[in-house]
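Undergrad: To convert, take the position in the sequence shown, counting from 1, and add 1061; that gives this note's numbering.
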Amino acid sequence: MSEKKVNCLNVAYIFKTSLGSINGSWTEGNVSTVKKITLPNGNQLPYVSGQSLKYQIRKAWIEMGLQEMLSEVKQSEKSAGVNFTAGDPKKYLDDDLLGYMITASKGGDAEGGEGKKPKGEKDTNRRRTAPVRVSAAIGMFPFRNDRDLGTKSKELTDGDSGAGGNIFETEIYYNYFKVNFLIELDRIGSFQDFELHKDAKGKTDNLIIEDKRKRVSHLLNSLSHIWGGGKQSRILTDISPKFLAITFQDSKAPIFLETLTVDENEVLNTAAINEVLSDNQKIIQYQILGVQSGIFKNDVLKELSKKEKSNDLSDQKLKNDEAESTEQSNVFTIQTAFDKALEHINTLNF
């Protein structure tokens, strides 16, 4: 493995939904559709946008009790405007990790999109590209046009219950989704003048390493129990990892982005994972894998654990060899994998 300074944390995982409608698209008549991407063969894969995933991360931080570390989201005064934050990455966790864009009107008032700050508070255009890069979560199986039928009953109203309620439908799916986060560690808690309010330019120090580590830890903790999406009141969805790969790298490369696959028999392609890990040992300084049992139809833990063959076939010897090889291959339960990553973060300088 490489001995260069770690500048990248790569987190890739698979989550499963037995029945979901996580990220909606346009409503077509009385049908609520889901976001989909069309393949060259005409099949469509459902996906969850990166924007939606970042919203769930922000929501998870609130649930973790980190509200005071988050920038207030302000609403634009204009109907065509967009919501915006304070744009203060030193003070706020979300502005640091998830980025922002603040624009200024001709008069110099700060805006987020079109939203103005209080009159007299002059500002300049500034933006921070998110150090936490996130892919869309892409489904692995084609959308099968499944729909959930619903009615808005008139039984408890003054309407004619015998006539039935208003009919509506929601697109739903059974699927496995893959997602990749690439975290630029060398940018966490580090700021450039063009990202800052004009009064803070040249006057803002970078965060100390302890605070940088805490912010990365908050991100990993949010991913370990993340849930949410659309239609949660009646189609509850768990979007936390069921397979997890974490690598600490000295090169910013999303090595798992096109790697994770599950076939129609719900077998995880462990050969591809082993290949990617082997081929990228020059840039990987530390790696951790996690898997939840009972999800995939193959023995993922066994297939990802490199075992040495032994002529001693005693039961105890085999058990010892298996335990040792599992530890060496860094394959754990999901939560243990996150815990190992958190421990390793606290040993790094970035």
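Every residue, glycine too, gets a C-beta built ideally from N, C-alpha and C.
#1: In this structure, what does DSSP give as the bridge partners for V1392?
#2: Is it buried or exposed, Y1237, if we count other Cβ atoms within 10 angstroms and call 16 or more buried?
#3: If I'm right that I1349 touches I1307 with Cβ under 8 Å, what's the distance once you round it to whole angstroms?
#4: How big is the Cα-Cα spacing for N1391 and T1212?
#5: In angstroms with no decimal places, state the Cα-to-Cα distance between K1303 and K1259.
#6: What is the DSSP secondary structure of A1073, reduced to helix, strand or coil?
#7: Going by the beta-carbon positions, is the gap between I1270 and N1359 smaller than 8 Å?
#8: Below 8 Å on the Cβ atoms is my guess for K1135 versus N1144; work out the distance and round it to an integer in Å.
#9: Taking 6 Å as the limit between beta carbons, can you name the residues of its chain near L1305, skipping five residues before and five after?
#10: Please list the terminal residues of the continuous alpha helix (DSSP H) segment that includes G1449.
#11: Below 8 Å on the Cβ atoms is my guess for L1365 versus T1331; work out the distance and round it to an integer in Å.
#12: Return the residue from the list T1094, T1088, I1228, E1089 that minimises the CA-CA distance to G1081.
#13: Distance check for R1276 and G1126, CA to CA, integer angstroms please.
#14: For V1193, which residues from the same chain have a beta carbon less than 7 Å from its beta carbon, with the 5 sequence-adjacent residues on both sides left out?
#15: I1300 and G1289: beta carbons closer than 8 Å?
#16: Taking only the alpha-carbon atoms, compute the straight-line gap between Q1310 and R1274 and give it to the nearest angstrom.
#17: With which residues is P1107 paired in a DSSP beta bridge?
#18: Mind pulling the beta strand (DSSP E) runs of 3 or more residues that sit fully within the segment 1304-1368?
#19: Can you give the beta carbon distance from T1146 to Y1161, rounded, assuming they're within the 8 Å contact cut?
#20: If you count every other CB in all the chains shown that lies within 10 Å of the CB of G1181, and 16 or more means buried, which is it?
#21: Do G1200 and Y1108 count as a contact pair if the criterion is CB distance below 8 Å?
#22: On the three-state DSSP scale, how would you describe K1152?
#23: Distance, Cα to Cα, K1262 vs S1113?
#24: With H, G and I counted as helix, E and B as strand and the rest as coil, what does DSSP make of T1212?
#25: Which residue's Cα is closest to the Cα of A1264: V1240, K1096, D1149?
#26: With H, G and I counted as helix, E and B as strand and the rest as coil, what does DSSP make of I1270?
#27: Using DSSP with H/G/I as helix, E/B as strand and the rest coil, what is I1199?
TA: Let me lay it out:
#1: According to DSSP, V1392 bridges with L1350.
#2: The residue in question, Y1237, is buried, as its Cβ has 16 or more Cβ neighbours within 10 Å.
#3: Rounded to the nearest angstrom, the Cβ distance from I1349 to I1307 is 5 Å, consistent with a contact under 8 Å.
#4: Approximately 49 Å between the Cα atoms of the pair.
#5: CA-CA distance, K1303 to K1259, rounds to 44 Å.
#6: Here A1073 sits in strand by DSSP.
#7: No. Outside cutoff.
#8: Their Cβ separation, rounded to whole angstroms, is 7 Å, which keeps K1135 and N1144 in contact under 8 Å.
#9: The residues Y1074, G1351, I1395, A1398, in chain order, have a CB closer than 6 Å to that of L1305 in the same chain once the five nearest residues on each side in sequence are set aside.
#10: No answer is possible for residue 1449: it lies beyond the span of the chain, which begins at 1062 and ends at 1411.
#11: 5 Å between Cβ atoms; contact.
#12: Ranking the options by Cα distance to G1081, first place goes to T1094.
#13: In this structure, the CA atom of G1126 is about 14 Å from the CA atom of R1276.
#14: The answer, listed in chain order, is L1158, L1159, F1242, I1244, L1280.
#15: Judged by beta-carbon spacing, G1289 lies within the 8 Å limit of I1300, meaning their Cβ atoms are closer than that value.
#16: Each residue's Cα considered, the two are about 16 Å apart.
#17: Answer by DSSP bridge pairing, in chain order: K1097.
#18: Fully enclosed beta strand (DSSP E) runs of 3 or longer: 1304-1310, 1345-1352.
#19: With a Cβ gap of about 5 Å, T1146 and Y1161 count as contacting.
#20: With a pLDDT of 48 at G1181, under the threshold of 50, the modelled position of that residue is not reliable, and no figure is offered here.
#21: Against a cut-off of 8 Å, the Cβ pair of G1200 and Y1108 comes out as a contact.
#22: Coil.
#23: About 32 Å.
#24: Note: T1212 maps to strand in three-state DSSP.
#25: Reading off the sequence, residue 1264 comes out as Lys, not Ala. Checking every option, the nearest Cα to that of K1264 belongs to D1149.
#26: In the three-state reduction of the DSSP assignment, I1270 falls in the helix class.
#27: Judged by DSSP in its simplified three-state form, I1199 adopts strand.
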